[in-house]
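Peer 1: Once you know that position 60 of the sequence shown is 57 in our numbering, the rest is easy, because the numbers rise by one and skip nothing.
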Amino acid sequence: MTIRIIPQEQLEKSDKTTADMIPPLLFPRLKNLYSRRSARLRQLAEKNPLGDYLRFAAFIAEAQEIVLYDHPLHMDLHARLVETAASGKPPLDIHTLSRDPHWQRLLHSLIAELKPEMTGQALAVLENLEKTSAPELDALASALLEHDFAQVSSDKAPFIWAALSVYWAQMAALIPGKARAEYGEQRQFCPVCNSVPVSSVVHMGTQGGGLRYLHCNLCESEWYVLRAKCTNCEQTRDLHYWSLENEQAAIKAESCGDCGTYLKMLWQEKDPAVEPVADDLASLILDARMEQEGFARSSLNPFLFPGTD
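1. Would you tell me roughly how many angstroms separate the C-alpha atoms of residue 261 and residue 171, rounded to the nearest one?
2. Is it the case that the segment 240 to 247 contacts the segment 208 to 220, given that we only count it when at least three CB pairs across the two stretches are under 8 Å?
3. So, with DSSP's three-state summary, where would you put residue 242?
4. Suppose the cutoff is 8 Å on Cβ atoms and the five residues either side in sequence are ignored; what does the same chain contact list for residue 68 look like?
5. Which ranges would you report for the alpha helix (DSSP H) in the segment 123 to 175 if only whole runs of at least 4 residues count?
6. Answer with yes or no whether the minimum CB distance from residue 159 to chain C is below 8 Å.
7. Secondary structure at residue 93, three-state DSSP: helix, strand or coil?
8. What separation, rounded to the nearest whole angstrom, lies between the Cα atoms of residue 44 and residue 78?
9. Closer than 8 Å by C-beta to residue 15: which residues in its own chain qualify, once you throw out the five before and the five after it? Chain order, please.
10. From the DSSP output, which residues share a beta bridge with residue 209?
11. Exposed or buried, which one is residue 238 when buried takes at least 16 other CB atoms within 10 Å?
12. According to the neighbour-count rule (16 or more other Cβ atoms, all chains shown, within 10 Å of its Cβ), is residue 235 buried or exposed?
13. Put residue 233 into one of helix, strand or coil per three-state DSSP.
14. For the segment 108 to 127 against the segment 52 to 65, do three or more pairs of beta-carbon atoms, one drawn from each stretch, fall closer than 8 Å, so that the two count as touching?
15. Assign residue 19 to one of two classes, buried (16 or more other C-beta atoms within 10 Å of its C-beta) or exposed (fewer than that).
16. Determine which residues share a DSSP beta bridge with residue 221 and list them.
17. Output the distance between the C-alpha atoms of residue 53 and residue 225, rounded to the nearest integer angstrom.
18. Quick one: Cα of residue 228 to Cα of residue 251, how far?
19. Quick check: the Cα distance between residue 204 and residue 290, rounded to an integer number of angstroms?
20. Report the three-state DSSP secondary structure of residue 250 (helix, strand or coil).
21. Consult DSSP for residue 282 and reduce its assignment to one of helix, strand or coil.
22. If you follow the alpha helix (DSSP H) that residue 81 is in, where does it begin and where does it stop?
23. Who are the near neighbours of residue 131 in its chain, counting only those whose CB is closer than 7 Å to its CB and skipping five residues on each side?
24. Specify the secondary structure class of residue 112 as computed by DSSP and reduced to three states.
25. Just to confirm my understanding: we take residue 268, look at its own chain, exclude 5 residues before and 5 after, and list those with CB closer than 7 Å. What are they?
26. What would DSSP say about residue 19, mapped onto helix, strand or coil?
27. Comparing alpha-carbon positions, which option in 151, 84 and 273 lies nearest residue 199?
28. What does a CB cutoff of less than 7 Å around residue 88 pick up in its chain, not counting 5 residues either side in sequence?
29. With a threshold of 16 other CB atoms inside 10 Å of the CB of residue 26, please say whether the residue is buried or exposed.
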C-alpha cells in the first residue's frame, strides 16, 4: 500500500470513512511539539552517558519552539497539492520543491536564540553560519536533503536541519488535503515530503494492540505502516526484534534479514512519554549493538548526521 495526499474536495465519502477507521497519515501537531521534545530530552539526559549531547539537543528544540511562533508561515499550497495529487508525488517533495527564503529567516532566528546558550566549538559554528551567504546556506541545505553528508560538516548539520525541519513542518501543517491509502509501494518514504523516518511509534489506545506510524525526520508527519512488515523493503519474513532490556522494553529495534537494515520501534503503552526523536537519540547503545550484529540503520536522526568534521 502507498499513501497519496489529495485535495479535500476530491475525497469521496468512502474515502473519508476509510480514513476515519485507520488514518493513513497524521499531519504534524505543532502546538508544544518542540517543547515536549525538549522536556523528554532533558529527562533522558539525567541518567544517560550522552547526557551533555541530549541537553544540547534540548536547547535546539527549545529554540525551534520559539522561532516557530515568532515566524509563522503564510502560504497557499492548494495549487501545488492539485498538481502533485495528479502526478502521485508528495506535495512537499524535498527533491523538487523550491525553498522559500523563509527557511533562512528561521535559521538566523535559531542562531540568535542559541548563541547565548552556547560556548566553545558550538558557538564558533553558530557564528560561522551567521556569516555564511544565502547561496552557500542553500547549497548546504540541498546537500543535506540529498543525503550528500560529505558536503556538510557534522557540527553544522543539526542547526541547518533544525531550521529546515521547522519550515517543512509549518508547510505540512498547512496542507489543505487529506491522505488516502492506495495500492503501491515505497511506504519507507514520507508521503508528505519524501524524506525518511527517524523511528516508528506504536500508538496506544488503538485497536489490534496499537497501530504503528513512522515519524518523519523532517516535516514531523506520521504515516501508517503494518507492524509485521519491514519498513525499508516491505518484506514480511525474517524480522527480528532486539532490545537492551527484555520483551517488555518500550524501545526495540526491528531488523530485517532480507535488506539488512533496522529501525527503532517505540511503544507508547509501555512508556507514554516516549518521543520519536528524543528516545531514538538517547538509545544509541542499541544502535551500536545492531551494527555489531551487521545491520545498517534505515533512518536518520536530526541530531546525528554523518559527515566531515
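Just so it is clear, CB atoms sit at the ideal spot from N, CA and C, and this is done for glycine as well.
Peer 2: Answer, in terms of the structure:
1. Each residue's Cα considered, the two are about 29 Å apart.
2. The segment 208 to 220 vs the segment 240 to 247: no contact.
3. In the three-state scheme derived from DSSP, where H, G and I count as helix and E and B as strand, residue 242 is classed as coil.
4. Excluding residues within five positions, the ones whose Cβ falls inside 8 Å are 99, 102, 103 and 106.
5. Listed in chain order, they are 131 to 142 and 154 to 171.
6. The structure shown contains no chain C; it is built from a single protein chain.
7. Residue 93 falls in the coil class under three-state DSSP.
8. About 45 Å.
9. Residue placement at residue 15 cannot be trusted, given a pLDDT of 45 that sits under 50; what the coordinates show is reported in the next sentence. Apart from the 5 residues on each side of it in sequence, residue 15 sits with its Cβ closer than 8 Å to the Cβ of 177 and 178 in its chain, given in chain order.
10. 199, per the DSSP bridge assignment.
11. With fewer than 16 Cβ atoms within 10 Å of its Cβ, residue 238 is classed as exposed.
12. By the 10 Å Cβ count, residue 235 comes out exposed.
13. In the structure shown, residue 233 sits in coil (DSSP, three-state: anything other than H, G, I, E or B).
14. Yes: the two stretches touch, three or more of their Cβ pairs being nearer than 8 Å.
15. When all chains shown are included, residue 19 counts as exposed.
16. Residue 221 is bridged by DSSP to 210.
17. Computed Cα separation, rounded: 35 Å.
18. When rounded, the distance between both Cα atoms is 9 Å.
19. Note that residue 204 has pLDDT 49, beneath the 50 cutoff, so the model's placement of it is unreliable and the number below is only indicative. Their backbone Cα atoms lie some 33 Å apart in a straight line.
20. Here residue 250 sits in strand by DSSP.
21. Here residue 282 sits in helix by DSSP.
22. Counting along the chain, the unbroken alpha helix (DSSP H) around residue 81 starts and ends at 75 to 84.
23. Once the five neighbours on either side are set aside, the close Cβ partners of residue 131 are 101.
24. In the structure shown, residue 112 sits in a helix (DSSP, three-state: H, G or I).
25. A distance below 7 Å between beta-carbons, with the five flanking residues on each side excluded, links residue 268 to the following residues of its chain, in chain order: 247.
26. Coil at residue 19, not helix or strand.
27. When only C-alpha atoms are compared, the closest one is 273.
28. Hits under 7 Å: 2, 74, 77, 78, 81, 172 and 189.
29. Exposed is the call here.
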